[in-house]
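Visitor: The structure's right below; bear with me while I get my questions together.
Protein chains: 2
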Amino acid sequence: MSEDGRQDGGARRGRRPRMADVAARAGVSLVTVSRALGQPQLVSPETRQRVTAAVAELGYLPDLVAGSLASSQTRIVGAVVPTLANSFFAASVQGLSEVLDAAGYQLLLGNSGYDTRREQSLAAAFLGRRADGLVLTGSRHEAALRGVIAGAGVPVVETWELPAEPLDMVAGFSNDAAAEAMTAGLLDWGYRRIAFVGLPDGGESRSDQRRKGWRRAHADRGLEAGPHIAVEDANSPVGGEAALERALALAPAVDALFCANDTLALGAIVACQKAGVAVPGRIAVAGFGDFDLAPHLVPGLTTVRVPGGEMGETAGRMLLDRLAGRRVEPRVVDLGFEIVRRASA
Amino acid sequence: MSEDGRQDGGARRGRRPRMADVAARAGVSLVTVSRALGQPQLVSPETRQRVTAAVAELGYLPDLVAGSLASSQTRIVGAVVPTLANSFFAASVQGLSEVLDAAGYQLLLGNSGYDTRREQSLAAAFLGRRADGLVLTGSRHEAALRGVIAGAGVPVVETWELPAEPLDMVAGFSNDAAAEAMTAGLLDWGYRRIAFVGLPDGGESRSDQRRKGWRRAHADRGLEAGPHIAVEDANSPVGGEAALERALALAPAVDALFCANDTLALGAIVACQKAGVAVPGRIAVAGFGDFDLAPHLVPGLTTVRVPGGEMGETAGRMLLDRLAGRRVEPRVVDLGFEIVRRASA
DNA sequence: TCCGATGATGAAAGCGCTATCATCCGCTAC
DNA sequence: GTAGCGGATGATAGCGCTTTCATCATCGGA
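If you're matching them up, the sequences are chains L and P in order. Plus 289 on top of the position in the first sequence (first one is 1) and you've got this note's numbering. Plus 289 on top of the position in the second sequence (first one is 1) and you've got this note's numbering.
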């Protein structure tokens with residue numbers, strides 16, 4: 290291949306080459322280049338090879354913006370998570386990203402900061418970019434979202450919950466069933482006064498559901514639930530530390546702490562270590578999420594394993610299936626959970 | 290506003306409205322709509338108001354793909370991180386995302402899995418989407434990347450390191466200086482045989498640099514560095530646990546473990562707890578990163594605080610400045626680090 | 001009274017691709 | 001021999017916007 294200087298078909302100096310430049314260089318029409326790149330089987334091997342060579346010589350990079358406009362599909366999926374500073378959602382994003390990447394799709398990511406209005410505006414922005422699909426976290430959205438999505442006509446997957454009225458598809462699990470199961474486990478293991486540690490009422494949809502499950506486990510057995518110890522910030526161990534202190538002061542004595550997530554549980558366990566409180570001897574601690582560190586804490590954290598990465602992967606696959614024109618059945622996938630009993634309860 | 294049925298200027302049924310539909314409805318030309326939306330100050334208040342009303346009535350969402358093609362700017366920034374399953378990079382992405390969001394930019398995210406070829410192909414894909422800027426992690430890239438970026442002519446920020454030959458701009462810190470400072474601290478505090486726990490040689494750029502700093506701190510004082518305890522996976526506490534076991538078996542006795550990151554350090558501390566090894570009495574443990582949990586471990590983790598979120602924010606701001614046509618000086622920003630001494634060393 | 005500013009609006013020309021339809025060739029089938 | 005067909009290629013028309021340039025009032029100053 291000639292390295293020296295631009296030839297006839299070469300791109301004008303200083304401009305990034307376009308498909309027409311490649312075409313000229315390869316001595317074919319623009320359409321043929323488009324086909325050679327997009328549907329190579331429609332082009333003869335020699336032509337394809339000439340095009341490939343021209344692409345390489347010019348360093349041509351197809352403009353996917355133009356392609357998207359012409360084909361009205363972007364191969365972009367938008368995802369909104371409450372926060373990235375949290376390994377749980379990060380795992381989902383990672384799973385999603387990998388599935389999409391393998392299919393040549395790209396991920397447009399936004400974080401809502403647990404604010405449904407920001408979620409709404411991010412979703413709108415993604416749709417404005419003509420994302421082919423959307424992945425959302427949770428079931429609580431602005432009322433207007435439904436209309437915006439319907440108007441755009443793109444497939445959507447909600448994750449991390451099992452909404453009563455899904456927008457479209459769901460890849461999630463039941464937070465209340467999981468919390469109920471965890472609570473039932475604690476009761477079965479002999480704990481009698483189980484406090485729930487989490488956000489106040491209405492603080493956040495998933496925390497609320499978990500609290501509901503905890504309450505129901507008691508109700509189903511005719512027991513009265515223990516106290517709800519409210520924390521301000523569910524994403525810091527500090528809340529767990531404070532909760533332990535409060536729990537120890539309560540009478541009748543609380544013998545187990547069910548934390549709305551593992552970060553809080555870690556705070557509680559650490560506070561116990563510092564205060565010399567035996568876990569689970571004096572007080573048991575259970576978490577929710579089963580983060581990486583759960584088995585490594587001392588004592589190992591009893592918790593609920595949730596399908597973080599799988600939700601992302603499944604959401605991605607559902608979207609891709611739908612975009613490929615395949616029917617997605619069922620539209621609501623419950624990825625389940627698992628009670629993981631370690632030493633802390 | 291009339292709810293009932295489409296009117297003259299309304300969009301054809303079943304199609305999503307375009308700018309022309311809005312224009313017809315508002316009784317102005319398409320250009321005016323474009324201006325009313327993009328540069329409202331160029332349009333009279335009444336007209337602007339008519340357009341706004343028409344937009345609302347039709348539920349019009351501008352097509353940013355078309356806009357991008359026409360204006361040749363996408364307001365999209367692409368970012369590549371090694372992994373999201375790691376709170377360190379997640380913090381950077383979060384910081385970046387927030388800065389971009391506030392400026393009306395969107396984030397296209399990819400994870401390379403610590404593979405430079407995947408980084409390269411992601412970067413190329415982002416450039417194909419005509420991202421206005423790129424944020425990369427680290428300084429080790431495929432050779433071809435430089436040319437691809439130069440060809441696209443977009444601003445780039447490298448993060449998490451201080452590359453010797455930056456691609457363009459940098460928002461990072463010196464891993465070797467930080468590791469050297471941490472090691473110097475350990476030496477100052479009286480530890481004499483400090484093992485480094487991290488990936489094997491050449492495993493990863495940042496781990497290598499940290500090891501280099503550890504070695505240099507010794508060399509500068511005419512001391513011989515302790516052993517390098519290699520682990521397979523630096524992102525799991527398991528490596529730290531294994532490392533502790535190996536360290537305890539060494540003679541002469543290792544009295545401090547300097548782990549290439551906090552996750553490994555956590556593994557080591559936990560292993561000590563389990564084995565009843567006093568920290569720092571028998572062996573001190575230092576980490577790198579200062580993740581959320583560091584102050585909450587028992588004992589609190591002595592570590593290096595790195596500017597995770599700030600690198601993301603700074604990278605975002607540098608990009609935005611450059612895109613706004615402002616000069617960015619200096620192009621290499623060292624965000625520094627901080628030695629945080631807690632109880633573990 | 002006329003003129004160049006100034007402000008508000010519009011018409012037309014693309015941005016760089018893909019979709020669609022047309023063309024052309026060589027081949028098989030009768 | 002020729003109709004018919006599939007494979008390979010090309011010409012053309014947009015995709016829905018922004019940009020640029022043109023138009024046309026309106027207005028204060030000479």
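For glycine and all other residues, C-beta sits at the position ideal for the given N, C-alpha and C.
1) Does the segment 478-488 of chain L come close enough to the segment 528-548 of chain L to have 3 or more Cβ pairs within less than 8 Å?
2) Among L:SER381, L:LEU434, L:VAL459, which residue has its Cα nearest to the Cα of L:PRO596?
3) Quick check on P:GLU335: buried or exposed, where buried means 16 or more other Cβ atoms within 10 Å of its Cβ?
4) May I ask you to list the residues that DSSP assigns as paired with P:GLU447?
5) To the nearest angstrom, how far is the alpha carbon of L:GLN498 from that of L:THR426?
6) Using a Cβ cut-off of 8 Å (strictly closer), state whether P:GLN562 contacts chain L.
7) Quick check on P:ASP293 - is its C-beta less than 8 Å from some C-beta in chain L?
8) Mind checking whether P:ALA575 and P:THR592 have CB atoms under 8 Å apart?
9) Tell me the rounded alpha-carbon separation between P:PRO588 and P:VAL437.
10) Just to make sure I have the definition right: I need the residues of chain L whose C-beta is within less than 9 Å of the C-beta of P:VAL322. Which are they?
11) Rounded to a whole number of angstroms, what is the C-alpha to C-alpha distance between L:ALA557 and L:ALA439?
12) Shortest alpha-carbon distance to P:SER357 belongs to which of P:VAL459, P:LEU423, P:ARG419, P:ALA532?
13) Mind listing, in chain order, the continuous beta strand (DSSP E) runs of no fewer than 3 residues lying wholly within the segment 342-429 of chain L?
14) So which residues on chain P does L:HIS430 lean against when the C-beta distance must stay under 9 Å?
15) For L:THR472 and P:GLY565, I'd like the C-alpha separation in whole angstroms.
16) Pair every Cβ in the segment 400-409 of chain L with every Cβ in the segment 427-436 of chain L, then say whether three or more of these pairs are closer than 8 Å.
17) Using only the alpha-carbon positions, how far apart do P:LEU319 and P:ILE365 sit?
18) Give a yes or no on whether the minimum CB-CB distance between P:GLY614 and chain L is below 8 Å.
19) By Cβ distance below 7 Å, which residues in the same chain neighbour L:ALA379 in space, the five residues on each side in sequence not counted?
20) Looking at chain L, is there any beta carbon in it that lies within less than 8 Å of the beta carbon of P:ARG535?
21) Going by C-alpha distance, which of P:GLY529, P:LEU609, P:GLU387, P:ALA460 is nearest L:LEU582?
22) The beta strand (DSSP E) spanning L:ASP623 covers which residue range?
23) Looking at chain L, is there any beta carbon in it that lies within less than 8 Å of the beta carbon of P:LEU416?
24) Relative to the C-alpha of P:ILE572, which candidate in P:GLU599, P:GLY601, P:PRO541 has its C-alpha closest?
25) Using a Cβ-Cβ cut-off of less than 9 Å, give me the residues of the segment 313-339 of chain L that come near chain P, in sequence order.
26) What residue ranges within the segment 487-566 of chain P form continuous beta strand (DSSP E) runs of no fewer than 3 residues, ordered along the chain?
27) Expressed to the nearest angstrom, what Euclidean distance is found between the alpha-carbon atoms of L:GLN409 and P:MET607?
28) Just to confirm my understanding: we take L:ALA467, look at its own chain, exclude 5 residues before and 5 after, and list those with CB closer than 6 Å. What are they?
29) Compare the Cα-Cα distances from P:TRP449 to each of P:GLU599, P:GLN562, P:ALA613, P:GLY348 and report the closest residue.
30) Let me check understanding here. Comparing Cα to Cα, which of P:ALA514, P:GLY422, P:ARG482 lies closest to P:LEU456?
31) Can you check whether the C-beta of P:ALA355 is within less than 8 Å of a C-beta belonging to chain L?
32) List the residues that DSSP assigns as beta-bridge partners of P:ALA575.
33) For P:PRO569, which of P:ARG307, P:ARG481, P:GLU447, P:VAL332 has the nearest alpha-carbon?
34) Quick check: the Cα distance between L:ALA342 and L:VAL322, rounded to an integer number of angstroms?
35) Can you list the residues of chain P that L:PRO351 reaches, using a CB-CB cut of under 7 Å?
36) Since L:GLU431 is in the alpha helix (DSSP H), which residue starts that stretch and which ends it?
Guide: Working from what's here:
1) yes
2) L:SER381
3) exposed
4) P:LEU425, P:VAL459
5) 14 Å
6) yes
7) Annotation note: pLDDT 33 at P:ASP293 (below 50); position unreliable, no value reported.
8) yes
9) 48 Å
10) Neighbours of P:VAL322 on chain L: none; closest Cβ ~15 Å, over 9 Å.
11) 44 Å
12) P:ARG419
13) 365-370, 395-400, 422-426
14) Chain P residues near L:HIS430: none, gap ~17 Å exceeds 9 Å.
15) 32 Å
16) yes
17) 25 Å
18) no
19) LEU373
20) no
21) P:GLY529
22) 621-623
23) yes
24) P:PRO541
25) none
26) 517-519, 545-548
27) 28 Å
28) VAL593, PHE626
29) P:GLU599
30) P:GLY422
31) yes
32) P:PHE547, P:THR591
33) P:ARG481
34) 11 Å
35) GLY417
36) It is not in any alpha helix (DSSP H) - L:GLU431 carries neither H nor E in the DSSP assignment.
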